[in-house]
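Residue numbers (the working numbering): 106 to 284.
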Ligand SMILES: Nc1ncnc2c1ncn2[C@@H]1O[C@H](COP(=O)(O)OP(=O)(O)OP(=O)(O)O)[C@@H](O)[C@H]1O
Ligand SMILES: [Mg+2]
């Protein structure tokens, strides 16, 4: 388990150590976001087999770096799994260019919300769980590079929980091939 954690940490550090300018655009391409979400869901379902994960995923084509987008999706879904109570439910929805991931975990206190995207920041209550606090800072960077936005909110209704909303510019159909 520690090997897996260390490998994840090294991957995250590599991702963050890449320069923030220019070069990324070169690796960006048209990506079927729905496929990336589905493949991240398959990976994350293995980590939380006792959870119920519902998914309503519609096509949305974006311009992004495929591996970075996949990593970002896994990070967000991994948080939802990690903070879910045993037997909990996670609702995933991709529609009209907005992805929402809603869990029914402890939620994030209002005074902690401004810190969630900081590198290495973890809520004091999260320190018993595995992780390094880099996940969401990588998500924020990837989303920003794709021209989108990400926000975490405390779920209003129901028994608390967190909703992550990611919006990326794109279209419901792939753009025509440029000859
Ligand atoms: N779905 C969530 N429910 C409750 N708290 C969350 C949720 N997502 C993130 N957080 C809080 O934000 C902190 C930062 O999240 P982030 O993904 O950056 O780090 P991590 O999950 O702790 O570690 P890593 O992603 O590096 O494995 C978490 O430690 C936790 O305190
Ligand atoms: Mg995380």
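All residues carry an ideal CB built from backbone N, CA and C; glycine is no exception. Everything numeric in this text was worked out from a predicted model, so none of it was measured.
Look up residue i in the DSSP assignment and give the residues it is bridged to.
i	result
residue 134	169
residue 287	No answer is possible for residue 287: the residues shown for the chain start at 106 and end at 284.
residue 253	Beta-bridge pairing links residue 253 to no other residue.
residue 198	161 and 205
residue 276	166
Check whether the Cβ atoms of residue i and residue j sit closer than 9 Å, and answer yes or no.
i	j	result
residue 251	residue 167	yes
residue 209	residue 260	yes
residue 230	residue 194	no
residue 186	residue 212	no
residue 170	residue 139	no
residue 267	residue 258	yes
residue 151	residue 224	no
Among the options, which one has its Cα closest to the Cα of residue i?
i	options	result
residue 240	110, 117 and 109	117
residue 256	271, 171, 147 and 236	271
residue 123	108, 112 and 173	173
residue 183	197, 170 and 171	197
residue 188	233, 140, 137 and 282	233
residue 269	222, 277, 236 and 282	222
residue 114	220, 164, 236 and 155	236
residue 279	191, 147, 107 and 163	163
residue 274	111, 228 and 136	136
residue 181	157, 142, 190 and 156	142
residue 199	226, 165, 227 and 119	165
residue 190	155, 151 and 281	155
message = For the region 243-262 against the region 176-184, do three or more pairs of beta-carbon atoms, one drawn from each stretch, fall closer than 8 Å, so that the two count as touching?
response = yes
Could you tell me whether the region 216-224 touches the region 186-205, using the rule of 3 or more Cβ pairs below 8 Å?
no
Requested in this report: Report all residues for which the CB-ligand distance to some heavy atom of ligand 2 is below 7 Å; order them along the chain.
Outcome: 180, 183, 184, 187, 236, 240 and 241
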